[in-house]
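Student:
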Amino acid sequence: MNKQYKPQEIEQAIYDEWEKNKCFSPKQSSSKFSIVLPPPNVTGTLHMGHAFQHTIIDILVRYHRMLGKSVLWQPGTDHAGIATQLVVENRIKNTGRDVKALSREEFIDEVWAWKELSGNTIINQTKRIGSSADWSRNRFTMDDGLSKIVEDVFISLYEEKLIYRGNRLVNWDIKLQTAVSDLEVVNKEQDGYLYYLRYQLKDSSDSIVVATTRPETFFGDSAICINPEDTRYKHLIGKEITLPMIKRNIPVIQDEMVDMDFGTGCLKITPAHDFNDYKVGKKHNLDFINILNKDGTLNENVHEKYIGKNIHTVREELVNDLEKEQILVKKDKYQNTVPIGERTGEIIEPLLTNQWFMSMSSLAEKGVKVVEDKKVNFVPKHWEKIYFNWLRNIEDWCISRQIFWGHRIPAWYDDNANIYVGKSEKEIRNKYELADNINLIQDSDVLDTWFSSSLWPFSTLGWKDDKSVFEKYFPTNLLVTGFDIIFFWVARMIMMSIKFTDNIPFNKVYIHGLVRDSEGKKMSKSIGNVIDPLDVIDGISLDKLLEKRTTSLLNERQKADVIKKTKRDFPTGIREYGADALRFNFCAMASTGRDINFDLNRIEGYRNFCNKIWNASRYILMSCEGFNYQEKINPNDSSIFDKWILYSLDNVVSDFKKYTTTYRFDLMANGIYDFVWNEYCDWYLEISKYNMNDVTKNHLIFSILRIIKLCHPIIPFITENIWKEFYKCKFVTEKMLIDSSFPSQIRISKEDDVEVRVNRIREIIKKIRKTRTELGIHPKDIIITKIHIKKLEMKNDLIEHQGLIESMTNTNIDITAEQSNVSEYIDLIDDNYTLYLKIRNMINIQEEMKRIDKKLKELEAIVTKINFKLNNKSFIEKAPSEIINQNISNKSKIENDILSLNNLRKTLSN
RNA sequence: GGGUGAUUAGCUCAGCUGGUUAGAGCGCCGCCCUUACAAGGCGGAGGUCGUAAGUUCGACUCUUACAUCACCCACCA
4 MNKQYKPQEI
14 EQAIYDEWEK
24 NKCFSPKQSS
34 SKFSIVLPPP
44 NVTGTLHMGH
54 AFQHTIIDIL
64 VRYHRMLGKS
74 VLWQPGTDHA
84 GIATQLVVEN
94 RIKNTGRDVK
104 ALSREEFIDE
114 VWAWKELSGN
124 TIINQTKRIG
134 SSADWSRNRF
144 TMDDGLSKIV
154 EDVFISLYEE
164 KLIYRGNRLV
174 NWDIKLQTAV
184 SDLEVVNKEQ
194 DGYLYYLRYQ
204 LKDSSDSIVV
214 ATTRPETFFG
224 DSAICINPED
234 TRYKHLIGKE
244 ITLPMIKRNI
254 PVIQDEMVDM
264 DFGTGCLKIT
274 PAHDFNDYKV
284 GKKHNLDFIN
294 ILNKDGTLNE
304 NVHEKYIGKN
314 IHTVREELVN
324 DLEKEQILVK
334 KDKYQNTVPI
344 GERTGEIIEP
354 LLTNQWFMSM
364 SSLAEKGVKV
374 VEDKKVNFVP
384 KHWEKIYFNW
394 LRNIEDWCIS
404 RQIFWGHRIP
414 AWYDDNANIY
424 VGKSEKEIRN
434 KYELADNINL
444 IQDSDVLDTW
454 FSSSLWPFST
464 LGWKDDKSVF
474 EKYFPTNLLV
484 TGFDIIFFWV
494 ARMIMMSIKF
504 TDNIPFNKVY
514 IHGLVRDSEG
524 KKMSKSIGNV
534 IDPLDVIDGI
544 SLDKLLEKRT
554 TSLLNERQKA
564 DVIKKTKRDF
574 PTGIREYGAD
584 ALRFNFCAMA
594 STGRDINFDL
604 NRIEGYRNFC
614 NKIWNASRYI
624 LMSCEGFNYQ
634 EKINPNDSSI
644 FDKWILYSLD
654 NVVSDFKKYT
664 TTYRFDLMAN
674 GIYDFVWNEY
684 CDWYLEISKY
694 NMNDVTKNHL
704 IFSILRIIKL
714 CHPIIPFITE
724 NIWKEFYKCK
734 FVTEKMLIDS
744 SFPSQIRISK
754 EDDVEVRVNR
764 IREIIKKIRK
774 TRTELGIHPK
784 DIIITKIHIK
794 KLEMKNDLIE
804 HQGLIESMTN
814 TNIDITAEQS
824 NVSEYIDLID
834 DNYTLYLKIR
844 NMINIQEEMK
854 RIDKKLKELE
864 AIVTKINFKL
874 NNKSFIEKAP
884 SEIINQNISN
894 KSKIENDILS
904 LNNLRKTLSN
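Under this note's numbering, residues 4 to 913 are what the first sequence spells out, in order.
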């Protein structure tokens, strides 16, 4: 074995070996564990969020595999309609070609080519992280099988009238020229104005003033609305006003939805361009006047001067004109929110169009129920509230998109706009007995990408094509995903599964946090703080990192900023830390659903931890060369240290199991870290050096193998590699760690005092070491020490391990029955013993005295506090006895410390 | 406007159903290149747990109010 752990030399080979040996395919077993991977979008490469998610899933997958279950991790990728289409459009543009010149078929071919590229990149990245998914079952949402299911589901929902086509107000993305769902719209605050417009009454010289943030929509007004309680305008109800410029007459109506205190109390109603107005329009049976073309230009319903102008840029000109004509009364600064398309960043316009909708209320009800009934559980639980809230206020889902990339809607129209839904034109002609001379055209729209995603847990698991797989692995045990897609995906999967399989898709939903940068900022290309998981695994030079972060930035100032910050944060680039360190980091950071601040220092710490395990293993292999290892431990041979470490290890194992069910990955990682480093390496391995006999060797191998197994789910590469070394030495018979079984509890009869006895010895060692460094005694100077034992039960242990203590403290020890009060000794007092250290060449007496006085003060304050408690009558009466005893024993311990310090003080002052 | 989460050491975070001298990693300080590991060893400094009140024998932990930050939902044009 190498002296240093070098992840880049081992990881690739190990992964290849796992794949070659088909280690990721489910084994035969009566119990199963199944999980689907949230399919990443084929929009490019994986980011830190994916790496985090994969790590969490992989830890559980490997753990359950080691429990001997039939484990299926179903991987795949998502076609991600709009997002992917945009990426490909940009690519085409960047090569200087015209996207619009391409036919639908040509464009889709381009996307498929891109999909190959991106899909492969993603799979390779996933592998580099160590994910043990069953690649033989890899799926893509637009695979034939999955597409067929999408089609079937659509048809069946249509036949049940849960999918319908309707002319409705939808969120229209002008840039993409497609409808998008409510969820794909984000609201942004913006500085704007509130414009006051004067409308003239018909047949009267009177006028009224309305306030609006969108003056350009007045061409589409079909009423003025006032609150029935508003005495200022009561006389106007039923009258008509004439719209400026276009001179169209519209009625004045009343509705209590109008806020009398806002603006003038008069509200213009534009039913075809505002969601609230749409409702008013429906309620009062108003005209729906559309003023917009699909490309965002104004149509012939506006004044001719503005026809063909863009609705987003026409405002300034229009307002100027209104001002000239004295229609604009005034404008006030006003902060309002505008809807922005999530993908394009363009302002979304409400637009009246024909779209396909899915009726949600009945499905949502069932979706609520399974969570209420605890058939599906969210971790952390508070997400259930958010889930309920959304489902209980759900609107129908607009599922059609006017783009090319996606599942084409299986609907055809004849020349009279009759709708036929079916698998193909041929099937439809049969089904509806349509004559050949009837012209049929397929709907050009595709489905919202989340439609196919919502079927993912069953469409990938053989719902239609492999009953044995479906029955065995569905429902899955768990879903691991981010909170940002609870509505988009999680809720819809639950609803669709119930609808089509009559079952839930998963029992548990573990919601993890977001991976942010080290300052807690969202990682984003425009801020230039993105770190690629592969760059942490493989390392990257500063130059390359700068290039990566700035190539997509156009703004020069932004570029300079990013360069400056990157140089500050990564002056020498990023070193290669390996996948295991990255994984351990994610594990350690994954506390209950909180966001993660990604910090390279942390990674380095965990890389060091891997190195620690590496070297601990190396030490044991070196020490046990040629040793005839017996897998069975005979407790009669074990020293108290052997027993102690086995007990502790047992606790770590049972904690690990507990944390897999409570999803406390952070505690899992910390428990292992603490045990391996601070107990196993710092103490047990050090102790073993003093007494390297066959019994010790046997325990060393036994314990390290358990540790390697325990760590494998988190850090699979390094542990598998170490395992190979043990296999070579014939210490293990199973060839591959991934196939081995997770450690079970060792049931050696517990001896309660083992830990106490070991700790006493550790205490003595620590006390001596502490005193040595505090007094500035060089490590090489031997300290003459006497130990006076007060508690007889300690004596045997002390005598037995005297040499060990001497070697670990560099002392010469005399175990004596007598108290000593020779002045060249200082005494450290404990309940059970007193240590006398013969100290020469003391230094810095002044400073030591100061330190001692400070410590004394602290301890005395604590004693005072405890005394206060113990003297408190109600405390004695009401507190449980074990708490009281604890206080009493603490008190005596601290009083000993005080005594020691006082003695030390006395010795020093002489 | 409604909701959720957060606020603990210089930084990043643990602290479960109230009871330890409030912990860890990184960073910092001192000593040590002791043949598993300097990506290391030994030791150390550093916190009135956001503020205020309340419940309790006892509050980092429970209650209420407030402050600050983050996010989500709905938006009065």
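Don't be surprised by glycine CBs; every beta carbon is placed ideally from N, CA and C.
These numbers come from a predicted model, not from an experiment.
Could you spell out the range, first to last residue, of the alpha helix (DSSP H) harbouring residue 73?
Tutor: Per DSSP, residue 73 belongs to no alpha helix (DSSP H); it is in the beta strand (DSSP E), 73–77.
Student: To the nearest angstrom, how far is it from the Cα of residue 375 to the Cα of residue 43?
Tutor: If you take the alpha carbons of residue 375 and residue 43, they lie about 29 angstroms apart.
Student: Residue 703 and residue 626 look like a contact to me (Cβ under 8 angstroms); what is the Cβ gap, rounded to whole Å?
Tutor: That belief holds up - the Cβ atoms of residue 703 and residue 626 are roughly 7 angstroms apart, short of 8 angstroms.
Student: If you compare alpha carbons, which of 452, 438, 178 is closest to residue 186?
Tutor: The candidate whose alpha carbon is nearest that of residue 186 is 452.
Student: Between residue 355 and residue 109, what straight-line distance do the alpha-carbon atoms span, to the nearest angstrom?
Tutor: Straight-line Cα distance between these residues: approximately 30 angstroms.
Student: Tell me the DSSP secondary structure of residue 306 in three-state form.
Tutor: It is coil, neither helix nor strand.
Student: Per DSSP, residue 861 is paired with what?
Tutor: In the DSSP output, where bridge partners are listed per residue, residue 861 has none listed.
Student: Since residue 338 sits in a beta bridge, which residues does DSSP pair it with?
Tutor: 194.
Student: Compare the beta carbon distance of residue 154 and residue 384 with 8 angstroms and say whether it is the shorter of the two.
Tutor: Taking 8 angstroms as the Cβ cut-off, residue 154 and residue 384 do not qualify as a contacting pair.
Student: Which of the three DSSP states, helix, strand or coil, is assigned to residue 581?
Tutor: Three-state DSSP puts residue 581 in a helix.
Student: Distance, Cα to Cα, residue 1 vs residue 874?
Tutor: No answer is possible for residue 1: it lies beyond the span of the chain, which begins at 4 and ends at 913.
Student: Starting from the C-beta of residue 794, find all residues in its chain whose C-beta is less than 8 angstroms away, skip the five residues before and the five after it, and write them out in chain order.
Tutor: Answer for residue 794: 834, 835, 836, listed in chain order.
Student: What is the residue span of the alpha helix (DSSP H) that residue 168 lies within?
Tutor: Premise fails: residue 168 lies in the beta strand (DSSP E), 166–176, not in any alpha helix (DSSP H).
Student: Less than 7 angstroms between C-beta atoms, sequence neighbours within five positions excluded: which residues of the same chain meet that for residue 673?
Tutor: Taken in chain order, the residues that qualify are 591.
Student: Assuming residue 829 and residue 740 are in contact, meaning their beta carbons sit under 8 angstroms apart, how far apart are those beta carbons, in whole angstroms?
Tutor: In fact, because the Cβ distance is near 51 angstroms, the residues do not count as touching under 8 angstroms.
Student: Does DSSP classify residue 466 as helix, strand or coil?
Tutor: Three-state DSSP puts residue 466 in coil, outside helix and strand.
Student: Start and end of the beta strand (DSSP E) containing residue 210?
Tutor: Here the beta strand (DSSP E) through residue 210 covers 210–215.
Student: Is there contact between the segment 464–479 and the segment 341–351, where contact requires at least three CB pairs shorter than 8 angstroms?
Tutor: These segments do not touch.
Student: Would you mind sorting residue 444 into buried or exposed? The rule is 16 or more other CB atoms within 10 Å of its CB.
Tutor: Residue 444 is exposed by the Cβ-count criterion.
Student: Decide yes or no for the touch test of the segment 478–498 against the segment 523–530: beta carbon pairs closer than 8 angstroms, at least 3 of them.
Tutor: Contact fails: fewer than three Cβ-Cβ distances are below 8 angstroms.
Student: Give the DSSP bridge partners of residue 38, in chain order.
Tutor: Its beta-bridge partners are 76, 481.
Student: Taking the alpha-carbon of residue 904 as reference, which of 885, 838, 886, 889 has the nearest alpha-carbon?
Tutor: Comparing Cα-Cα distances from residue 904 to each of 885, 838, 886, 889, the minimum goes to 838.
Student: In or out: residue 706 buried (at least 16 other Cβ within 10 Å) or exposed?
Tutor: Burial call: buried.
Student: Check each candidate in 38, 80, 52, 85 and name the one with the smallest Cα separation from residue 63.
Tutor: Cα-wise, what sits closest to residue 63 is 38.
Student: Near residue 775, what residues of its chain come up, given a Cβ to Cβ distance below 7 angstroms and the 5 sequence neighbours on each side ignored?
Tutor: These residues qualify, in order along the chain: 786.
Student: Does DSSP classify residue 379 as helix, strand or coil?
Tutor: It is coil, neither helix nor strand.
Student: Applying the criterion that 16 or more other CB atoms from any shown protein chain within 10 Å of the CB defines a buried residue, is residue 588 buried or exposed?
Tutor: With 16 or more Cβ atoms within 10 Å of its Cβ, residue 588 is classed as buried.
Student: Give the straight-line distance between the Cα atoms of residue 569 and residue 123, rounded to the nearest whole angstrom.
Tutor: Distance between the alpha carbons of residue 569 and residue 123: 29 angstroms.
Student: Measure how close the beta-carbons of residue 125 and residue 40 come, nearest whole angstrom, since I'm counting them as under 8 angstroms.
Tutor: Their Cβ separation, rounded to whole angstroms, is 11 angstroms, which puts residue 125 and residue 40 out of contact at 8 angstroms.
Student: Just checking my contact of residue 921 with residue 284 at CB under 8 angstroms: how many whole Å lie between their CB atoms?
Tutor: There is no way to answer for residue 921, as the model of the chain reaches only from 4 to 913.
Student: Can you list, in chain order, the residues of its chain with a C-beta nearer than 7 angstroms to that of residue 801? Leave out the 5 residues immediately preceding and following it.
Tutor: Result list for residue 801: 790, 792, 818, in chain order.
Student: Within the same chain, show all residues whose beta-carbon is closer than 6 angstroms to that of residue 526, passing over the 5 residues directly before and after it, in chain order.
Tutor: Once the five neighbours on either side are set aside, the close Cβ partners of residue 526 are 520, 532, 533.
Student: Starting from residue 838 and walking both ways along the beta strand (DSSP E), at which residues does that stretch end?
Tutor: Where residue 838 is concerned, the enclosing beta strand (DSSP E) stretches over 836–841.
Student: Does DSSP put residue 8 in a helix, in a strand, or in coil?
Tutor: Coil at residue 8, not helix or strand.
Student: Out of 691, 624, 688, 380, point me to the one whose CA is closest to residue 728's CA.
Tutor: Closest option to residue 728, Cα to Cα, is 624.
Student: What residue does the alpha helix (DSSP H) around residue 511 start on, and which one ends it?
Tutor: Unbroken run through residue 511 is the beta strand (DSSP E), 509–515; no alpha helix (DSSP H).
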